[in-house]
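Residue numbers for the sequence shown follow our numbering, so the first one is 2 and each next one is one higher. Since the structure comes first, as structure tokens, the remarks are kept for the end.
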Amino acid sequence: MAVEPVTESERGCEPRRPRVQEPPPSASPVSYAAAVEQYLTCAGLAQSSARVYRISLTTWAWMLAGEPAPTGPARRSAKPPALPVAAIDAPTLPDVLAELAAARADEMDAHTVNRELSIARKAIGWWRQQGWVERDPTIGIERRPAPPDRTKALAESQLAALRQLNVSLREKTFWRMLHESAARADEVLCLNVEDLHPADRRGRITAKDGATEWIHWQSGTAQLLPRLIAGRGRGPLFLTDRKAPARTPSADVCPETGRARLSYRRAEEIFERATRLLANPLASPEDVEDVDGWTLHRLRRSAPTRDAEERDVRSGAADPVARQVADRDSGARRRS
Numbered sequence: 002m003a004v005e006p007v008t009e010s011e012r013g014c015e016p017r018r019p020r021v022q023e024p025p026p027s028a029s030p031v032s033y034a035a036a037v038e039q040y041l042t043c044a045g046l047a048q049s050s051a052r053v054y055r056i057s058l059t060t061w062a063w064m065l066a067g068e069p070a071p072t073g074p075a076r077r078s079a080k081p082p083a084l085p086v087a088a089i090d091a092p093t094l095p096d097v098l099a100e101l102a103a104a105r106a107d108e109m110d111a112h113t114v115n116r117e118l119s120i121a122r123k124a125i126g127w128w129r130q131q132g133w134v135e136r137d138p139t140i141g142i143e144r145r146p147a148p149p150d151r152t153k154a155l156a157e158s159q160l161a162a163l164r165q166l167n168v169s170l171r172e173k174t175f176w177r178m179l180h181e182s183a184a185r186a187d188e189v190l191c192l193n194v195e196d197l198h199p200a201d202r203r204g205r206i207t208a209k210d211g212a213t214e215w216i217h218w219q220s221g222t223a224q225l226l227p228r229l230i231a232g233r234g235r236g237p238l239f240l241t242d243r244k245a246p247a248r249t250p251s252a253d254v255c256p257e258t259g260r261a262r263l264s265y266r267r268a269e270e271i272f273e274r275a276t277r278l279l280a281n282p283l284a285s286p287e288d289v290e291d292v293d294g295w296t297l298h299r300l301r302r303s304a305p306t307r308d309a310e311e312r313d314v315r316s317g318a319a320d321p322v323a324r325q326v327a328d329r330d331s332g333a334r335r336r337s
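Here's what the structure looks like:
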């Protein structure tokens, strides 16, 4: 925005008020493909993210043209239709787009569909800011429920990346203990300081069936625990950051700090959010609200599954899956 300097007339009058000169609106590109390239140029995306965005926006070219987008191997060699960017404002497009998006969602996984929808809305929002289009035809399309995959163990490279996250000491210790012990998250969260036997690297828990059991951890947890406990002699091991509400049961309040026991819901929420970009390596930081992270259950599964696989290789077991299940159910902890 340019502003002319204030000047005085020769007659000595008061200075004139500055006259604002509005910049001319940017020229709208004729084609949708050109609009996509201009958006990607101005979005400041990393090269890997820009590639993902270009693929998604190319997919939308078919649907914005009123055609079903190709799927599977045919997608790689398919040439998108030539589409004027002004076609996005067609009044009949939202209804057509809703039907095409619903049909595509039936063929694709929910994570892919949701990511493509998010990318399209970001691009259209930017084009609207430039004055190139007036409407967002995706406004009536809803994100698809994407249930987390609770069956896959995390790979060693994923665990290594998890350990590099800049998180609090509480999260580092909790995640490490969950991975090394193969115990359930709610069982670990129920641990009290007085339940720990640091010298033996084990702790006493009450299992799901009411039995008293030992969970065992390794050197990673053993190194972190003293810093987390910080001289406390009793009370919940994993605490919230704030004082406990007045109605919190006394068993869930640290008598030395007044803070409450960390809940499973909050622990799961923290882990899922912290791992969103790890779980979606092609996503950019701007996409963090539109992707899903890992679950605590997957972290718990990673240690016993990997250990079972290593034993299967050494023993030549014919059924590694059965061995993994048996290891998880009976070998991850010892009854007291």
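The beta-carbon is built from N, C-alpha and C at its ideal position, and this holds for glycine as well. These numbers come from a predicted model, not from an experiment.
For this session: Report, in whole angstroms, the separation of the C-beta atoms of V194 and R260, which I expect to be a contact under 8 angstroms.
Result: Actually they are not in contact, since the Cβ atoms of V194 and R260 sit about 13 angstroms apart, beyond 8 angstroms.
For this session: Look at the alpha carbon of L240 and the alpha carbon of H180, and state the distance between them as a whole number of angstroms.
Result: Computed Cα separation, rounded: 19 angstroms.
Exercise. Rounded C-beta distance between L192 and G204? I'm assuming under 8 angstroms.
Worked result: 5 angstroms
For this session: For the region 102 to 117 and the region 280 to 296, state whether three or more C-beta atom pairs, one from each stretch, are separated by less than 8 angstroms.
Result: Because the criterion of three Cβ pairs below 8 angstroms is met, the region 102 to 117 and the region 280 to 296 touch.
For this session: Determine the DSSP secondary structure at D90, reduced to helix, strand or coil.
Result: D90 carries a helical assignment under DSSP once its states are collapsed to helix, strand and coil.
For this session: Name the residue from R302, D288, T296 whose alpha carbon lies nearest to the alpha carbon of V53.
Result: For V53, the closest of R302, D288, T296 by C-alpha to C-alpha distance is D288.
Exercise. Is G141 buried or exposed, if buried means 16 or more other CB atoms sit within 10 Å of its CB?
Worked result: Looking at its Cβ environment, which holds fewer than 16 other Cβ atoms inside 10 Å, G141 is exposed.
Problem set entry | Alpha carbon of T207 to alpha carbon of A79, nearest angstrom | 58 angstroms
Problem set entry | Q130 versus D90: straight-line alpha-carbon distance, rounded | 14 angstroms
For this session: Give me whichever residues DSSP pairs with K244 in a beta bridge.
Result: Bridge partners of K244: R260.
Problem set entry | Cutoff 6 angstroms; reference R335; Cβ partners in own chain excluding five residues on either side | Because the pLDDT at R335 is just 42, under 50, the model does not fix this residue reliably, and the point stays unresolved.
Exercise. Quick one: what does DSSP say G204 is sitting in, helix, strand or coil?
Worked result: strand
Exercise. How about R301 and A121: are their beta carbons less than 9 angstroms apart?
Worked result: no
For this session: Determine the closest residue to A245 out of L229, S264, I230, with distance taken between C-alpha atoms.
Result: S264
Problem set entry | Where the alpha helix (DSSP H) through T213 begins and ends | Segment 213 to 217 is the beta strand (DSSP E) holding T213; no alpha helix (DSSP H) there.
Exercise. Nearest CA to the CA of L170: which residue from A156, I230, P138?
Worked result: Among A156, I230, P138, the Cα nearest to that of L170 is on I230.
Exercise. Contact check, A275 vs V189 under 8 angstroms by CB: the rounded distance?
Worked result: With a Cβ gap of about 17 angstroms, A275 and V189 do not count as contacting.
Exercise. Would you call the region 91 to 111 and the region 29 to 49 touching, i.e. three or more CB-CB distances under 8 angstroms?
Worked result: no
Exercise. Between G67, A268, A161, L226, which lies nearest to T139 when the distance is taken from Cα to Cα?
Worked result: G67
Exercise. When the Cα atoms are used, what is the spatial distance from E108 to P146?
Worked result: 14 angstroms
Exercise. If you draw a straight line from the alpha carbon of H217 to that of L160, how long is it in whole angstroms?
Worked result: 19 angstroms
Problem set entry | Sequence-distant residues of the same chain with beta carbon closer than 7 angstroms to E100, five excluded per side | If we look at E100 and ignore the five residues flanking it on each side, it has no Cβ neighbours.
For this session: Inspect the beta-carbon positions of L98 and L65 and report whether they are closer than 9 angstroms.
Result: Closer than 9 angstroms, so yes.
Exercise. Which stretch, first to last residue, makes up the alpha helix (DSSP H) that contains G236?
Worked result: G236 -> no alpha helix (DSSP H), and no H or E assigned at all.
For this session: Could you please give me the residues that DSSP links to H198 through a beta bridge?
Result: R203
For this session: Kindly indicate which residue of T174, V31, A154, E143 has the alpha-carbon position closest to the one of L238.
Result: T174
Problem set entry | S29 (DSSP reduced to helix, strand or coil) | coil
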